[in-house]
Amino acid sequence: MQSKQFDEVVVEVKHVSKHYKIAGREDSVKALNDIHLAGDSELLPIRRGEFVMLRGPSGGGKTSLLNLLGTIDRATEGVIELFSNPINVDSTDEYLAKLRLEKIGFVFQTFNLLATMSAFENVELPMIILGKLNEKERKKRAIELLTLVGLQDRLDHLPSELSGGEQQRVTIARALSNAPEILLLDEPTGDLDTKNTVEVMDLLLDLNLKLKTTCIMVTHNPDIECYADRILYIADGVFEKQVFNTEQTRLDYDEYIAYLNSQAGH
1 MQSKQFDEVV
11 VEVKHVSKHY
21 KIAGREDSVK
31 ALNDIHLAGD
41 SELLPIRRGE
51 FVMLRGPSGG
61 GKTSLLNLLG
71 TIDRATEGVI
81 ELFSNPINVD
91 STDEYLAKLR
101 LEKIGFVFQT
111 FNLLATMSAF
121 ENVELPMIIL
131 GKLNEKERKK
141 RAIELLTLVG
151 LQDRLDHLPS
161 ELSGGEQQRV
171 TIARALSNAP
181 EILLLDEPTG
191 DLDTKNTVEV
201 MDLLLDLNLK
211 LKTTCIMVTH
221 NPDIECYADR
231 ILYIADGVFE
241 KQVFNTEQTR
251 LDYDEYIAYL
261 NSQAGH
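Take 1 as the starting number for the sequence shown in UniProt numbering and just add one per residue.
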């Protein structure tokens, strides 16, 4: 696989902390503590087209960080810069909502598809909300995206008529509907079996390489680290280390199953 060239910085995290107040407790819970991903640190900022994985124990701060990057939550201290624009206390809800709609795609472990809408309608909806495309353009793009994720023959199916792997593909197509610059993924394979895990990861790698979409993904699964350019390990609200892969590689399903079976015997 060709080595990628990274230049433009799309995410910088400058001395960010996140504390939560819990009812009945004096002290606050520190979810993140002085997280720093910037040009002046050993832990580099995230660049356009990079595939970054966040790994670490439950409660370590992975999802808290992802929520801050997606502007779903706000930092207690520090600044997050997306596309060179700081997100801080002055950022209005309207501005952040527009930013999410136009530039950030979300994929969660639970598929969060609208149950009464077909695959096609689920993918079309963010385009309707954004309002940039007319009906004909929206239809064309929704079909293209569902084709891209291998579901061109499932356009009219409701989520309940799709398998878990197919639902996650619809979710990925929906996340891409407004051509986001960043895709945020929180345990996207967490509810999938091994076959669908490999298929969804292969799909995400294809999207990362073809569309140059920046991917930031939280996962508990160490076996899929091979798909990333870089893995950041986070525990107790701080970064412990970063590891770079010299190249992104795919899991071979048959070899992977054989490996899993051999581990099960131990």
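Beta carbons: idealized from backbone N, C-alpha and C, even for Gly.
Residue nearest to F6 in terms of C-alpha spacing, selected from R48, E181 and D206 = On the sequence shown, position 6 is the one that residue 6 refers to. Considering only R48, E181 and D206, the residue with the shortest C-alpha distance to F6 is R48.
Cα separation between G60 and F120?
-> Stepping through the sequence shown from its first residue, residue 60 is reached at position 60. Stepping through the sequence shown from its first residue, residue 120 is reached at position 120. Inter-residue distance for G60 and F120 is about 37 Å (C-alpha atoms, whole angstroms).
For K21, which of K14, H15, P86 and K30 has the nearest alpha-carbon?
-> Working through the sequence shown from its first residue, we reach residue 21 at position 21. Of K14, H15, P86 and K30, the residue nearest in Cα terms is K30.
Would you mind stating whether K18 and A38 have Cβ atoms separated by less than 8 Å?
-> Taking the first residue of the sequence shown as position 1, residue 18 is located at position 18. Taking the first residue of the sequence shown as position 1, residue 38 is located at position 38. Between K18 and A38, the gap from beta carbon to beta carbon reaches 8 Å or more.
Skipping 5 residues on each side, what residues in its chain have a beta carbon closer than 8 Å to that of L207?
-> Start at 1 with the first residue of the sequence shown, and residue 207 comes out as number 207. Excluding positions up to five away in sequence, the list reads L148, I172, L176, L183, T213 and C215.
Which residues in the same chain as N221 place their Cβ atom closer than 7 Å to its Cβ, once the five residues preceding and following it in sequence are excluded?
-> The residue given as residue 221 occupies position 221 in the sequence shown. T189.
Residues in its own chain within less than 6 Å of E124 by CB, not counting five upstream and five downstream?
-> Locating residue 124 in the sequence shown gives position 124, counting from the first residue. These residues qualify, in order along the chain: R138 and A142.
Kindly give me the distance between the Cβ atoms of N178 and E102, rounded to whole angstroms, as I take these residues to be in contact under 8 Å.
-> As a working mapping, residue 178 is identified with position 178 in the sequence shown. As a working mapping, residue 102 is identified with position 102 in the sequence shown. Yes, N178 and E102 are in contact; Cβ-Cβ is about 6 Å, under 8 Å.
Measuring CA to CA, which of L158, F83 and C226 is closest to R250?
-> One-based indexing of the sequence shown puts residue 250 at position 250. Among L158, F83 and C226, the Cα nearest to that of R250 belongs to C226.
Report the option in Y256, T71 and G105 whose CA atom is closest to the CA atom of D90.
-> As a first step, residue 90 is located in the sequence shown; it is residue number 90 there, counting from the start. Selection Y256, T71 and G105 evaluated against D90 yields T71 as nearest (Cα-Cα).
Hey, out of P86, F239 and V198, whose CA is closest to D252's CA?
-> As a first step, residue 252 is located in the sequence shown; it is residue number 252 there, counting from the start. Out of P86, F239 and V198, V198 has the C-alpha closest to the C-alpha of D252.
For Q168, count neighbouring Cβ atoms within 10 angstroms of its own Cβ and tell me buried if that reaches 16, exposed if not.
-> Within the sequence shown, residue 168 is the residue found at index 168, counting from 1. Buried, because 16 or more other Cβ atoms sit within 10 Å of the Cβ of Q168.
So, is N122 buried or exposed, given that buried needs 16 or more other C-beta atoms within 10 angstroms?
-> In the sequence shown, counting from the first residue as 1, residue 122 sits at position 122. With 16 or more neighbouring CB atoms inside 10 Å of its own CB, N122 falls in the buried class.
Just to confirm, are L66 and V218 a CB contact at a threshold of 8 Å?
-> Looking up residue 66 in the sequence shown gives position 66. Looking up residue 218 in the sequence shown gives position 218. Closer than 8 Å, so yes.
Start and end residues, alpha helix (DSSP H) containing D93 | Taking the first residue of the sequence shown as position 1, residue 93 is located at position 93. Counting along the chain, D93 sits inside the alpha helix (DSSP H) bounded by residues D93 to K103.
Roughly how many angstroms separate the alpha carbons of residue 332 and N88, rounded to a whole number?
-> Beyond the ends of the chain as shown, which are 1 and 266, falls residue 332; an answer cannot be given.
Through-space distance from I257 to T76, alpha-carbon basis | To locate residue 76, count along the sequence shown from 1; it is residue 76. To locate residue 257, count along the sequence shown from 1; it is residue 257. Each residue's Cα considered, the two are about 43 Å apart.
So, are the CB atoms of L151 and E166 less than 8 Å apart?
-> Here residue 151 corresponds to residue number 151 of the sequence shown, with the count starting at 1. Here residue 166 corresponds to residue number 166 of the sequence shown, with the count starting at 1. Their beta carbons are under 8 Å apart, which means L151 touches E166 by this criterion.
Simplified DSSP state of K21, which is helix, strand or coil = By one-based count along the sequence shown, residue 21 stands at place 21. Under the three-state reduction of DSSP, K21 is assigned to coil, being neither helix nor strand.
Where does E240 land, buried or exposed, given buried means 16+ other C-beta within 10 angstroms?
-> Numbered from its first residue, the sequence shown carries residue 240 at position 240. With fewer than 16 Cβ atoms within 10 Å of its Cβ, E240 is classed as exposed.
Within the 8 Å Cβ cut-off, does H15 reach chain B?
-> Of the protein chains in this structure there is only one, and it is not chain B.
Skipping 5 residues on each side, what residues in its chain have a beta carbon closer than 7 Å to that of L130?
-> Walking along the sequence shown from the start, residue 130 turns up at place 130. Here the set comprises L101, E102 and N178.
Could you give the DSSP three-state label for N67: helix, strand or coil?
-> Walking along the sequence shown from the start, residue 67 turns up at place 67. It is helical.
Using three-state DSSP, classify I72 as helix, strand or coil.
-> The residue you call residue 72 lines up with position 72 of the sequence shown. Note: I72 maps to coil in three-state DSSP.
Mind checking L205: buried by the 16 CB within 10 Å criterion, or exposed?
-> Locating residue 205 in the sequence shown gives position 205, where the first residue counts as 1. Burial is judged here by how many other beta carbons sit within 10 angstroms of a residue's own beta carbon; L205 has at least 16 and is buried.
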